[in-house]
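Notes follow the structure.
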Amino acid sequence: MKKVDLVDESMFEYKFKNPKVQKYKDEIKEEILRSVIYM
1218 MKKVDLVDES
1228 MFEYKFKNPK
1238 VQKYKDEIKE
1248 EILRSVIYM
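In terms of my numbering, the sequence shown opens at residue 1218 and continues consecutively.
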């Protein structure tokens, strides 16, 4: 694993554990679900 990968990984983790981002993620999930349903 490259050093960059580790940094990206931790940033990723941080973003996804962040409450605001969590909310954003949920909204995106809903969007995706809706678009899948309407296909």
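Backbone N, C-alpha and C define an ideal beta-carbon position, used for all residues, glycine too.
What residue range is occupied by the uninterrupted alpha helix (DSSP H) comprising residue i?
i: tyrosine 1200; result: Since the first residue shown for the chain is 1218 and the last is 1256, residue 1200 is missing from the structure and cannot be characterised.
Please list, in chain order, all residues of the same chain as residue i whose beta carbon is under 7 Å from its beta carbon, the five residues on each side excluded.
i: isoleucine 1245; result: none
For residue i, which residues in the same chain have their Cβ closer than 6 Å to its Cβ, ignoring the five residues on either side in sequence?
i: proline 1236; result: none
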